[in-house]
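**Q** Numbering (UniProt numbering), first residue to last: 1 to 111.
Positions of the beta carbon are idealized from the N, C-alpha and C atoms, including for glycine.
1) Sort 111, 85, 63 by Cα distance to residue 100 and report the nearest one.
2) So what's residue 101 in DSSP terms, helix, strand or just coil?
3) Please state whether the Cβ-Cβ distance between residue 108 and residue 66 is less than 9 Å.
4) Applying the criterion that 16 or more other CB atoms from any shown protein chain within 10 Å of the CB defines a buried residue, is residue 70 buried or exposed?
5) Between residue 84 and residue 98, what straight-line distance do the alpha-carbon atoms span, to the nearest angstrom?
6) Is residue 83 helix, strand or coil by DSSP?
7) To the nearest angstrom, report how far apart residue 87 and residue 55 are at their CA atoms.
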């Protein structure tokens, strides 16, 4: 017969499935309300506008993560320089320029 582990994984799968159904139902009703307010848009998630909005959000999320990594790396490099001059001034300035470049990209994406 099935082991105890099999039963637990099935229970976990069912709860995940139920959670996804609840999430889908709430987002579906939110989408429906938005669509009834804007009847000019296509009533599905395949419209060019919906695809663009999802893609823009994903890009913003990616650049948000990149910004975190760049800031963390810059902080680490500055700490290295403070402890022992392993990293020279030019390298520190290079990493700081990355912080500004990523921030500028994120600013453009927010528009």
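**A** Taking the coordinates as given:
1) Answer by Cα proximity: 63.
2) Look at residue 101 here: in three-state DSSP terms it is helix.
3) Result no, Cβ atoms of residue 108 and residue 66 do not sit closer than 9 Å.
4) Buried.
5) In this structure, the CA atom of residue 84 is about 22 Å from the CA atom of residue 98.
6) Of the three classes helix, strand and coil, the one that applies to residue 83 here is helix, per DSSP.
7) Whole-angstrom Cα-Cα distance: 37 Å.
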